[in-house]
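Asks:
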Amino acid sequence: MSDQKMDSERRNLILATTAAGSVAVVAAAVPFVGSLAPSERAKAAGAPVEADIGNLKAGEKMVVKWRGKPVWILRRTKEMLASLETTKDSLADPDSKEPQQPEYARNTQRARPNPNPDTGKDGDDYLVVIGICTHLGCSPSDKSAEGNWHGGFLCPCHGSQFDLAGRVFKSQPAPTNLEVPPYKFLSPTRILIGDDSGAGTSSEA
Ligand code: FES
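Numbering (my numbering), first residue to last: 47 to 251.
What follows is the structure in structure tokens.
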């Protein structure tokens, strides 16, 4: 074999090795980048979940899964909000004094102000609660207004009733209100569930 031929074969081998190395680097980079987004396992373990509420109309509810639990986001109408004052005397814990929710949920609406300019000065029309009955864990259903009942939620298992802020009525099997998870508004149309850091914890936040 001539020296010239040997040089040519060695150069080809070096090029092939370098190309294979480049492929390996790219292949290794893809799973790493992908792992920056929360995986299903991370979500199940408690990673925050973002919800787009931009298309939710007044009176509509959407459900988002967080930590394997259904979180309801209900955009309440002005009538629904007004009904919360009328239910007060019939409730077990109208001011949500039980330590089961963030500080900003300890008010009649059990909600924090939303920066949506369409919501008026109150901006508290979004109810965010975990849709699991606090008695034995069934899933309450929506119950629309009828007669003196202004609407709310009814647990099909043992009949616990909750108002439109997820507050349980007196003398029901469920001992406490539906739980409000930590959350914050990222913008007027996006909610982050599972993380309220940096957004303040009071009802004014
Ligand atoms: S589980 Fe809801 S009332 Fe018993």
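A virtual CB, placed ideally from N, CA and C, is assigned to each residue, including glycine.
1. Bridge partners for R236 per DSSP, in chain order?
2. Just curious, the alpha helix (DSSP H) that L130 is in, first and last residue?
3. Quick one, which of P159, H181 and S136 has its alpha-carbon nearest K205's?
4. Is the separation between the beta-carbon of V226 and that of R156 shorter than 7 Å?
5. When you compare only the Cα positions, how much space is there between K111 and D135?
6. Using beta-carbon positions only, say whether I237 and A97 come within less than 7 Å of one another.
7. To which residues does DSSP link R156 through a beta bridge?
8. The ligand FES and H181: does the residue's C-beta get closer than 6 Å to at least one heavy atom of that ligand?
9. Roughly how many angstroms lie between the CA atoms of P221 and G183, to the nearest whole one?
10. Suppose you measure from the CA of G197 to the CA of K189; what does that come to, to the nearest Å?
11. Give the secondary structure of E149 by DSSP, where H, G and I count as helix, E and B as strand, and everything else as coil.
12. Counting only the same chain and skipping the five closest in sequence on each side, list residues whose C-beta sits under 6 Å from that of A191.
13. So the beta strand (DSSP E) D188 belongs to, where does it begin and stop?
14. What residues in its chain sit with their C-beta under 8 Å from that of T235, if we drop five residues either side in the sequence?
15. Does the Cβ-Cβ distance between A138 and K216 come in under 7 Å?
16. Given 6 Å as the limit, tell me if P116 has its C-beta closer than that to any heavy atom belonging to the ligand FES.
17. Going by alpha carbons, who is nearest to G240 out of G193, V174, R213 and Q207?
18. Got a sec? Which residues, its chain only, sit under 8 Å from K103 by beta carbon, not counting five neighbours each side?
19. Going by DSSP, what residues sit across from V175 in a beta bridge?
20. Is it buried or exposed, V72, if we count other Cβ atoms within 10 angstroms and call 16 or more buried?
Replies: Reading off the structure:
1. Taking the sequence shown and counting its residues from 1, one reaches residue 236 at position 190. DSSP output for R236 lists D98 and S233 as bridge partner(s).
2. Here residue 130 is taken as the residue at index 84 of the sequence shown, counted from 1. It spans K124 to T133 - the alpha helix (DSSP H) in which L130 sits, taken as one unbroken run.
3. By one-based count along the sequence shown, residue 205 stands at place 159. According to the sequence displayed, residue 205 carries Gly and not Lys. Here the closest residue by C-alpha is H181.
4. The residue labelled residue 226 in the question sits at position 180 within the sequence shown. The residue labelled residue 156 in the question sits at position 110 within the sequence shown. Yes, the Cβ-Cβ distance between V226 and R156 is below 7 Å.
5. Mapped onto the sequence shown, residue 111 falls at position 65. Mapped onto the sequence shown, residue 135 falls at position 89. Each residue's Cα considered, the two are about 32 Å apart.
6. What you label residue 237 is simply residue 191 of the sequence shown in a count that begins at 1. What you label residue 97 is simply residue 51 of the sequence shown in a count that begins at 1. In contact: I237 and A97 (Cβ atoms closer than 7 Å).
7. For the purposes of this step, residue 156 is taken as residue 110 along the sequence shown, with counting starting at 1. R156 is not bridged to any residue.
8. Indexing the sequence shown from 1 puts residue 181 at position 135. It does: the Cβ of H181 is within 6 Å (strictly closer) of some heavy atom of the ligand FES.
9. Walking along the sequence shown from the start, residue 221 turns up at place 175. Walking along the sequence shown from the start, residue 183 turns up at place 137. Roughly 12 Å separates the two Cα atoms.
10. Counting from 1 along the sequence shown, the entry for residue 197 is found at position 151. Counting from 1 along the sequence shown, the entry for residue 189 is found at position 143. So the alpha carbons of these two residues sit roughly 5 Å apart.
11. Locating residue 149 in the sequence shown gives position 103, counting from the first residue. The answer is helix: DSSP assigns E149 an H, G or I state.
12. In the sequence shown, the residue the question calls residue 191 occupies position 145. Here the set comprises G197.
13. The residue you call residue 188 lines up with position 142 of the sequence shown. Run containing D188: S187 to K189, per the beta strand (DSSP E) assignment.
14. Residue mapping note: residue 235 aligns to position 189 of the sequence shown, counting from 1. D98, I99, G100 and N162.
15. For this step, residue 138 is matched to residue 92 along the sequence shown. For this step, residue 216 is matched to residue 170 along the sequence shown. Yes; because the gap between Cβ atoms is below 7 Å, this pair is in contact.
16. The residue given as residue 116 occupies position 70 in the sequence shown. P116: no, Cβ never under 6 Å from the ligand FES.
17. Within the sequence shown, residue 240 is the residue found at index 194, counting from 1. With distances taken between Cα atoms, G240 lies closest to V174.
18. In the sequence shown, residue 103 corresponds to position 57, counting from 1. For K103, where only same-chain residues beyond five positions count, the Cβ hits under 8 Å are R121.
19. Locating residue 175 in the sequence shown gives position 129, counting from the first residue. W118, per the DSSP bridge assignment.
20. Taking the sequence shown and counting its residues from 1, the one referred to as residue 72 is at position 26. In this prediction, V72 scores a pLDDT of 35, lower than 50, which makes its location untrustworthy; the coordinate-derived value is nonetheless stated afterwards. Its Cβ having fewer than 16 others within 10 Å, V72 is exposed.
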